[in-house]
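Q:
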Amino acid sequence: MTKTFRKISFRAAVAVVLCGIYSVAVINSQPSAEKSAANVHSKDDAKPMPVYGHWKNFTTKDGLPSDHAYCVRIDGNRVLVGTHEGLSVYEDGKWKTYTIKDGLAHNGVVSIDVSELTGDVWIGTLGGLNRWSAGKFETFSQLNSGLPNDLVYCVICDGKDVWTATAGGAGHYDTYTKAWEIFTEKNAPMHEPWTYGVSAGDGKIFIAAWGGGVIEYTTKTKKFKDYTDPDGEMEIDLLPDDGLVHDITTATSYADGILWVSTYFGMSRYDGSHWKGYFDHDSGLASNFINFIRAKGPVVFICSDKGLSSTDGKSWVTYKKNDNNNDGMAIIKNFGRNDDNTINKTTKEIPLSPSIAHNFIIGVDADKDVLWVATEKGVSRGELMK
Amino acid sequence: MKTSGILSVLLFFSVLGLIVYFPGRKWARVHVNAKTAVDDHPLNCLSCHLYTQKSGFISKLINRKYLSPFNMAVSKEGDRLYVIAQDDNSLLVVDTEKKKVLKKISVGNLPHTVILSNDGQRAYVSNEWSDDVSVIDLNTIRVVDTLKTGNGPAGLSLSADNKSLYVVNSYSSNISVLDLNTGEERKRFDTGNNPTGTQLSPDGKTLYVTSRRALIAPYGETLESEITVLDETSQKITKRRNIESAYMMENVAFTPTGDLAIMTMIRPKNLVPSIQVEQGWMMTYGIVVIEQKENGRVIQLLLDEPNAYYSDPFDIVITPDGKKAFVSHSGVNTISVVNIDSVRSLIAESSPELLNSYSDNLGISSRYVIKRIKTGADPKGLALSSDGKLLYVAEQLEDRIAVINTESLETVGAIDLGGPNKITVARQGRRLFNNSGHTFQNQFDCYTCHPDMHEDGLVYNMASKDMGRNLTNTQSLRDIGDTPPYKWNGKNQTVYKQDGMRFSTVLTRTEQFNYNDLDAITAYIITGIPYPPNLQYNPNGELTESQLRGKALFDRAKDNLGNDIPENNRCITCHPPPYYTNLKMAYVKTLALSDDSMLFDTPHLNNIYASPPYLHDGRAATLEEIWTKYGKEDKHGRVNDMTKNQLNDLIDYLKSLRAPAYEHIVSKKFHAKN
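Encoded structure:
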């Protein structure tokens, strides 16, 4: 594992240098402030990109157990937030926190998903996996069950199946048969057992394998397929859109037939035939350093170290907080095409007061008219601006 | 031949007989003494060598195939009674007027529960050992469909609109929601441990599921068993209520107004030394009453009396007028009649503190138990006629249905289901097994701690006057005839010893079984307790890839580094098939400071998945914990070189182990094919 860290550190350093070079080269349109917000349309697609405003931020002063929020999940009328000090639930305008005293495996809650089938809440923590069902916590650990490892970075529900991405491999738990399966480099095309993210869609599981790209697992055939960066060790995307932008993947998300993959070096989109890469220098992406992504319909929300971005692949909306106050802006970039097929790039900035709580963003969830964001300094709730 | 010749021959054989008889009898005495641990057991060769035959011609000759009625349902008109004949794998259609069995319908293996659709057109039968539900057309009296379920389907309930069937899976501890239009399983929810009972509230909005085994918890903690509450509208679990100090909540019933849910329960005192039996109070029996309102209280009420216990409460039904509840006590062949208005009054007039104290109050039952009605052997399922005037009682070990008038509270008739007239030795043993008559004040019987002839998942403080010493994880009694010695310390070399004088000394604290009874209960234990099939982990003998990898680890002689594993530290050495025990004592470094110094009898591993917790004192909540928490020194098999994947494979293989009987079936099929 140490070797891996060294490799990652090296890559990160290289990436920082390269990003600096590229940022100089990037030419942006002049921003223009808009007092009124709007849904943003890309020229090719009539579906509007949602823009969220009227932000409200929650911190320990409002009842959160910690400002370090790792993840957020909307569950009907309540919102579940994973923090460094426990699971916090926002319901009827109040926060209620659950910790190890209540049965949580560990107070560091880094991932949450809700089973559509049963309504059970599955919670990935830094010390095991919890099922929270009708008020009761049940713990699965690497000692008492087939869970691969207690560091559960991501958990998702796919029908009756629960999938986890852990430091010891990806784990599959069948809630009907109560059987576990582990996928590591021993039995799957992974680089090493460390997995960071997992998502599901159309009968497939997409595992973000650290250093191993994306592992696609077809549940029916039980066959694997892996997607890696064709450039290999290169930190620069030599040939654009030739595949995954980098092998160090942090999350996957699948919606509307599109697989989105985040890395610490940019983001990729895969429609089943073609890959497309996105970087901060050639798109509206806030940063190439992406912690997490969540796709909802045609839109993907991207949690980076420099703000929250969202895109449908053409238009971009990025939320950023000012360094010196609580305000910020929504930066809207359109990448449409003109009639002569040349790229038509426009940028707008909408002032936000207040803005999101912090620019280091780790978790996001959207539902209908609201967007919840987990940040380094609290949780933010935005409303869809009409 | 001349007379003198005949006399000579007779004399020869007489002398020979005497020569053989005296040493032979002496040898037989020594042999029987050794087997029974007493010196006065009659020298009756038949008791051991005939009645304990598990199979073959002799076994067929001396044993009978009984019906064993278990649960029932009555038609709305009251003219038909549908009876589960558990040991016959059938549903009996009974004419209640003529008291006659009209038809026998073959269903799946070990049927458990029967319910009827609202329109009376369909009957649904859960088959606990074939993981399905038989759908029966009551017009044609035929099975028209078979629906797949989870593992060990037991209790059944229909949704208010009769479009969904809720199936309680007792072995996999969950509840399946079946769509009756498609026959498909729509979803499955986890429940408490080993659930069986279920009932929909009268308003059709709430489904209760009771559990029998307590949730796994370390010894010393208050045991808790879960009541799972499902909202019918959303079909989601809305509440998981832990009932403290209670388990074996077999069945549940709602009052017609829906203000109370009442379920049967046992309150075991497993944390105190078992010598408590001498003073009574080792086990108490009663009902859990849950108020059906916001912040409704949970009240535990005993059905026992100060000097008499009413063991093994099984079923509960409530009359349509909501006045009376009937509870069957299979351990004492009795029906308790509970006045529900008295229960309501007691609850209304009592402070919360007082209400809590009732759970340990043996005298309080006089406030609400208005009658005890004796029944035949092992009363199980109850069913009321739709007008509530007649109560039917399934007398499981009589092959008979008792009929009780619910006004006069007298038995007014019986329906003979047509089982064998003869009560065999093993059948008599089963009656003894299920009857508390041999314990002080009827405190418990074998079945109480060995429900389904298995084990109750509890750890007891056995054979010591000191608290917390010699903790003993209850062991299964399934198919143990060929796995001596018995007890964790292996002190009993035979079932005769286990159930003879030592049994009465240690457990029942009363007169030991007479020798006829001892012969009978031994015959039953050795011949009559089969394993369920392992349908969840090994339904057909074909191991999964993971189980095959696990088997290789189980059989291995070298570790991951290529080092030889000492023979006595290989899984296969101490746990060879078919019972996965070498029948020897072993040291695996699991002795606790609270244990007397001893080796442990190597346990058999068939169906081991169904016996949590693990190790002699139940310290391992799961199979994994045997090694992840308590096998760090590699004394219980070489495991510390294994990866997590390998440990999972090993566990998968262990879960696949099943009874030799099923392996023989596979073997026969294989040979027939070839």
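Protein chains in written order, with the working numbering: chain A, 1 to 386; chain B, 1001 to 1674. A virtual CB, placed ideally from N, CA and C, is assigned to each residue, including glycine. Quick caveat: nothing in here was measured; it's all calculated off a predicted structure.
Count the other CB atoms within 10 Å of the CB of residue 249 of chain A; is the residue buried (16 or more) or exposed (fewer)?
A: The residue in question, residue 249 of chain A, is buried, as its Cβ has 16 or more Cβ neighbours within 10 Å.
Q: Using only the alpha-carbon positions, how far apart do residue 373 of chain A and residue 1625 of chain B sit?
A: Spanning the two alpha carbons is a distance of roughly 38 Å.
Q: Please check if any C-beta of chain B sits within less than 8 Å of the C-beta of residue 325 of chain A.
A: Chain B contact via Cβ: absent.
Q: Using beta-carbon positions only, say whether residue 80 of chain A and residue 121 of chain A come within less than 8 Å of one another.
A: For residue 80 of chain A and residue 121 of chain A, yes; Cβs fall inside 8 Å.
Q: Helix, strand or coil for residue 1585 of chain B, going by three-state DSSP, please let me know.
A: Strand.
Q: Closest by CA to residue 1515 of chain B, which one among B/1401, B/1570 and B/1429?
A: When only C-alpha atoms are compared, the closest one is B/1429.
Q: Nearest to residue 196 of chain A by alpha carbon, out of A/232, A/148 and A/369?
A: Measuring from the Cα of residue 196 of chain A, the nearest candidate turns out to be A/148.
Q: Please list the segments of the beta strand (DSSP E) lying wholly inside the segment 1012-1081 of chain B, counting only runs of 3 or more residues, in order along the chain.
A: Taking only runs of at least 3 residues, the beta strand (DSSP E) segments lying wholly in the segment 1012-1081 of chain B are 1069-1074.
Q: So what does DSSP say about residue 29 of chain A, is it helix, strand or coil?
A: With a pLDDT of only 31 at residue 29 of chain A, under 50, the local geometry of the prediction cannot be trusted, and the value read off the model is given with reservation. Of the three classes helix, strand and coil, the one that applies to residue 29 of chain A here is coil, per DSSP.
Q: Using the three-state DSSP reduction, which class does residue 146 of chain A fall into: helix, strand or coil?
A: If DSSP states are grouped into helix, strand and coil, residue 146 of chain A belongs with coil.
Q: Examine chain B for any beta-carbon lying closer than 8 Å to the beta-carbon of residue 209 of chain A, and answer yes or no.
A: Taking Cβ atoms only, chain B never reaches closer than 8 Å to residue 209 of chain A, which makes this a no.
Q: As a quick exercise: from B/1092, B/1110 and B/1096, pick the residue whose alpha carbon is nearest that of residue 1104 of chain B.
A: Among B/1092, B/1110 and B/1096, the Cα nearest to that of residue 1104 of chain B belongs to B/1092.
Q: Can you pull out the residues from the segment 1166-1192 of chain B whose beta carbon lies closer than 8 Å to at least one beta carbon of chain A?
A: The residues in question are 1172, 1174, 1187, 1188, 1189 and 1190.
Q: I'd like to check one pair, residue 1227 of chain B with residue 948 of chain B: are the Cβ atoms closer than 8 Å?
A: Nothing can be reported for residue 948 of chain B: it is not among the residues displayed for chain B, which extend from 1001 to 1674.
Q: Taking C-beta pairs closer than 7 Å, name the residues in chain B that residue 177 of chain A reaches, listed in chain order.
A: Under the 7 Å cutoff, chain B gives 1536.
Q: Consult DSSP for residue 1556 of chain B and reduce its assignment to one of helix, strand or coil.
A: Coil at residue 1556 of chain B, not helix or strand.
Q: Check this for me: beta carbons of residue 1565 of chain B and residue 1557 of chain B, under 8 Å apart or not?
A: Yes, Cβ-Cβ distance for residue 1565 of chain B and residue 1557 of chain B is below 8 Å.
Q: Taking buried to mean at least 16 other C-beta atoms within 10 Å of its own C-beta, is residue 1030 of chain B buried or exposed?
A: Exposed, since its Cβ has fewer than 16 Cβ neighbours within 10 Å.
Q: Rounding to the nearest angstrom, what Cα-Cα distance links residue 314 of chain A and residue 280 of chain A in this structure?
A: Spanning the two alpha carbons is a distance of roughly 14 Å.
Q: Which residues in chain A sit within 7 Å of residue 1469 of chain B, going by Cβ to Cβ distance?
A: Correct list: empty, because the minimum Cβ distance to chain A is about 26 Å.
Q: Please name the residue in B/1151, B/1124 and B/1351 whose C-alpha comes closest to that of residue 1157 of chain B.
A: Selected option, being the one with the closest Cα: B/1124.
Q: Using a Cβ-Cβ cutoff of less than 7 Å, which residues in the same chain neighbour residue 366 of chain A once the five nearest sequence positions on both sides are dropped?
A: Only 296 and 301 meet the Cβ criterion.
Q: What residues in its chain sit with their C-beta under 8 Å from that of residue 1243 of chain B, if we drop five residues either side in the sequence?
A: If we look at residue 1243 of chain B and ignore the five residues flanking it on each side, its Cβ neighbours are 1224, 1225, 1226, 1227, 1249, 1265, 1288, 1298 and 1300.
Q: Would you verify that the beta carbon of residue 1240 of chain B is, or is not, closer than 8 Å to some beta carbon of chain A?
A: Closer than 8 Å: yes.
Q: Start and end of the alpha helix (DSSP H) containing residue 1111 of chain B?
A: Unbroken run through residue 1111 of chain B is the beta strand (DSSP E), 1111-1116; no alpha helix (DSSP H).
Q: Of all the residues that make up the segment 186-213 of chain A, which are near chain B by a beta-carbon distance shorter than 8 Å?
A: Cβ contacts with chain B come from 186 and 187.
Q: In the DSSP output, which residue or residues are listed as bridge partners for residue 1380 of chain B?
A: Looking at the DSSP assignment, residue 1380 of chain B forms no beta bridge with any residue, so it has no partner.
Q: Buried or exposed for residue 1020 of chain B, going by 16 or more other Cβ atoms inside 10 Å?
A: The residue in question, residue 1020 of chain B, is exposed, as its Cβ has fewer than 16 Cβ neighbours within 10 Å.
Q: With residue 285 of chain A and residue 309 of chain A assumed to form a contact (beta carbons below 8 Å), what rounded beta-carbon distance in angstroms separates them?
A: Correct: roughly 5 Å between the Cβ atoms.
Q: Counting along the chain, where does the beta strand (DSSP E) carrying residue 186 of chain A start and finish?
A: Neither: residue 186 of chain A is in no beta strand (DSSP E) and is coded neither H nor E.
Q: Relative to the alpha-carbon of residue 381 of chain A, which residue among A/69, A/144, A/65 and A/48 has its alpha-carbon at the smallest distance?
A: Comparing Cα-Cα distances from residue 381 of chain A to each of A/69, A/144, A/65 and A/48, the minimum goes to A/69.
Q: Distance check for residue 1006 of chain B and residue 1012 of chain B, CA to CA, integer angstroms please.
A: Cα to Cα, the separation comes out at about 10 Å.
Q: Among all the DSSP beta bridges, which residues are the ones paired with residue 172 of chain A?
A: Residue 172 of chain A pairs with A/163 and A/181.
Q: Indicate whether the contact test is met: 3 or more Cβ pairs, each with one atom in the segment 1484-1501 of chain B and one in the segment 1030-1050 of chain B, closer than 8 Å.
A: Flag = yes, the segment 1484-1501 of chain B and the segment 1030-1050 of chain B touch.
Q: Look up residue 101 of chain A in the DSSP assignment and say whether it is helix, strand or coil.
A: It is helical.
Q: Under DSSP, the beta strand (DSSP E) around residue 1300 of chain B begins and ends at which residues?
A: Element bounds for residue 1300 of chain B: 1298-1302.
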